[in-house]
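Colleague:
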Amino acid sequence: MRGRRALPELTELTAAHWTSGESGRLSVQRCAHCLRWSFPPVSHCRHCWRDDFTYEPVTGKGALLSWTEVFESVASAPQPPYLVAVVELEEGVRLLLGLTDASRDALRVGAPTRLVFEPIGEGVWLPLAELEEWEQPEDRLEAVS
Ligand SMILES: [Zn+2]
Numbered sequence: 029m030r031g032r033r034a035l036p037e038l039t040e041l042t043a044a045h046w047t048s049g050e051s052g053r054l055s056v057q058r059c060a061h062c063l064r065w066s067f068p069p070v071s072h073c074r075h076c077w078r079d080d081f082t083y084e085p086v087t088g089k090g091a092l093l094s095w096t097e098v099f100e101s102v103a104s105a106p107q108p109p110y111l112v113a114v115v116e117l118e119e120g121v122r123l124l125l126g127l128t129d130a131s132r133d134a135l136r137v138g139a140p141t142r143l144v145f146e147p148i149g150e151g152v153w154l155p156l157a158e159l160e161e162w163e164q165p166e167d168r169l170e171a172v173s
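Per the working numbering, the sequence shown starts with residue 29, numbered consecutively.
1. Run the Cβ filter for me: residues under 5 angstroms from any heavy atom of ligand 1, listed in the order they occur in the chain.
2. For GLU116, which three-state DSSP category applies?
3. In three-state DSSP terms, what is GLU50?
4. Which residue or residues does DSSP assign as beta-bridge partners of ALA157?
5. Sort LEU159, THR141, GLU150, GLU163 by Cα distance to SER48 and report the nearest one.
6. Using DSSP bridges, identify the partner residues of CYS111.
7. Output the distance between the C-alpha atoms of GLU161 and ALA44, rounded to the nearest integer angstrom.
8. Identify which residue in LEU111, ALA91, SER94, LEU92 has its Cα closest to the Cα of GLU100.
9. Give the DSSP-derived three-state secondary structure of GLU91 in the structure shown.
10. Taking 8 angstroms as the threshold, find out whether the segment 77-91 comes into contact with the segment 102-109 through three or more Cβ pairs.
11. State the DSSP-derived secondary structure class of ARG32, mapped to helix, strand or coil.
12. Can you tell me whether ARG122 is helix, strand or coil according to DSSP?
13. Leaving out five residues before and five after SER71 in sequence, what residues of the same chain have Cβ atoms less than 8 angstroms from its Cβ?
14. As a quick exercise: from ARG53, VAL121, PRO69, ALA91, pick the residue whose alpha carbon is nearest that of LEU135.
15. Check ARG136 in the structure and name its three-state DSSP category.
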């Protein structure tokens, strides 16, 4: 039986991030002055120290950087085991996300991903990563003789 996921706290800084999935695209904080992306959301740009931000949708396309499988969890959902991954989006933003519909054996560093969203209540849409179909590169290791 599947329990309920814990809801994030929606604040002035985080609400746009957590609710944007309803539109099918994740919105990420972006500095209006230097145009750099910020995640997690901050009150002042860590690059130029301005406090003028917008929230803009990202493509949702990314690449798998790292992952782990969770076998025990203190939360009621999802039920373990489940996969968690660090994904770097095309915009350079790195997110820690649940991986959906993926087998541990299919995971490779650099594998292309896309974002999908799961409504978890109170207007919150949880971003999750899903592997894109791709041709796995040949193993570059060669025997040295
Ligand atoms: Zn800035």
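Just so it is clear, CB atoms sit at the ideal spot from N, CA and C, and this is done for glycine as well. Remember, it's a predicted structure, so these values are computed and weren't measured experimentally.
Modeller: From the atom records:
1. Taking each Cβ in turn, the ones that pass are CYS59, HIS61, CYS62, CYS73, HIS75, CYS76.
2. DSSP, read as helix, strand or coil, puts GLU116 in strand.
3. If DSSP states are grouped into helix, strand and coil, GLU50 belongs with the helices.
4. Note: ALA157 sits in a beta bridge opposite LEU127, LEU143.
5. A check of alpha carbon separations from SER48 across LEU159, THR141, GLU150, GLU163 identifies GLU150 as the nearest.
6. Before going on, a small fix: residue 111 reads as Leu here, not Cys. According to DSSP, which records beta bridges pairwise, LEU111 is partnered with GLU97, LEU127.
7. Using only the alpha carbons, I get a separation of about 29 angstroms.
8. By alpha-carbon distance to GLU100, the top candidate from LEU111, ALA91, SER94, LEU92 is LEU111.
9. Correcting the residue identity first, residue 91 is Ala in this sequence and not Glu. In the three-state reduction of the DSSP assignment, ALA91 falls in the strand class, which pools E and B.
10. Counting C-beta pairs with one atom in each stretch, the segment 77-91 and the segment 102-109 have fewer than three that are closer than 8 angstroms, which means they do not touch.
11. If DSSP states are grouped into helix, strand and coil, ARG32 belongs with coil.
12. Looking at ARG122 - three-state DSSP - the assignment turns out to be strand.
13. For SER71, where only same-chain residues beyond five positions count, the Cβ hits under 8 angstroms are LEU41, ASP79.
14. Looking at the Cα atoms, ALA91 is the closest of the given residues.
15. Three-state result, ARG136: coil.
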